[in-house]
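One structure is given below, encoded as structure tokens.
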Amino acid sequence: MSKSFSGDRCVPWLYSQAGVRVEGEPKPVAPAVDEVRGRVPRRAALGLKFGGMAGLFAAAMALMAGARPAKAEGPVSQAASVRAIAGYTLGGLSIASFAIGRRLDRTAPALAILCAARGAELTDHQLAALAGDARKRLTDASFPDGQVWLISEAPLADGQKAEADALKVRCFAPVQGRIVEV
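Just so we're aligned, residue 978 is where the sequence shown starts under the numbering used here, counting upward by one.
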């Protein structure tokens, strides 16, 4: 039952609405509850990686234009050396931009997302155990700043919301047919 919710609604919602990049397949952690790992991508990472790739293309064009052979009879042209210096500078900056973008992408905040189907038992004790186990798995995977999200197929009671707030778990549940943060 949880596989159908996590595959049909939870994971597509994470991609399209929450902007979370999911890593791996959902894994069952309790009856009707799956855990998905993901990352919240940083906005600057995509721009830096794209800028780095565009800069490498520009550097390659500058270096190819500067590599034309000089005429043997005339004075040495300084335009070729200027093109080469510009190409090397653009190439170095582009590689640095791409590397910084990849580093930002890899250090993005990690998430443990609990996708709970309608049949999930979400008592206070069960929720605390699931959140604690998810945080422990994140810490074991060297993500000490990881967050835990709970996406429920069924509406959450006020007591469950209060318990989740005390555990610092962000809750998402359906309200009028749409999954929103509650």
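For every residue, glycine included, the Cβ atom is placed at its ideal position computed from N, Cα and C.
Less than 8 Å between the C-beta atoms of residue i and residue j, yes or no?
i	j	result
S1071	A1021	no
R1016	A1085	yes
A1108	L1144	yes
A1131	R1095	yes
W1126	V1146	yes
A1039	L1067	yes
C1092	P989	no
A1042	R1060	yes
G1069	L1025	no
E1000	R1014	yes
DSSP puts residue i in a beta bridge; with which residues?
i	result
L1127	L1091 and C1148
E1002	The partner list for E1002 (beta bridge, DSSP) is empty, contrary to what the question assumes.
G1015	V999 and L1088
E1158	F1149
A1007	V1010
Quick one: is residue i buried, meaning 16 or more other Cβ sit within 10 Å of its Cβ, or exposed?
i	result
V997	buried
S979	Because S979 sits at a pLDDT of 48, beneath the cut-off of 50, its placement in the model cannot be relied upon, and the following sentence gives the value as read from the coordinates. Classification for S979: buried.
S1058	exposed
S1129	buried
Q1153	exposed
A1139	exposed
D1011	buried
Q1137	buried
L1099	buried
F1075	buried
F982	buried
A1089	buried
L1023	exposed
A1134	exposed
R1155	exposed
R1083	exposed
F1149	buried
Spell out a yes or no on whether the stretch 993-1013 and the stretch 1101-1115 are touching, meaning 3 or more CB-CB pairs, one atom from each, closer than 8 Å.
The answer is yes - the stretch 1101-1115 touches the stretch 993-1013, with three or more Cβ pairs under 8 Å.
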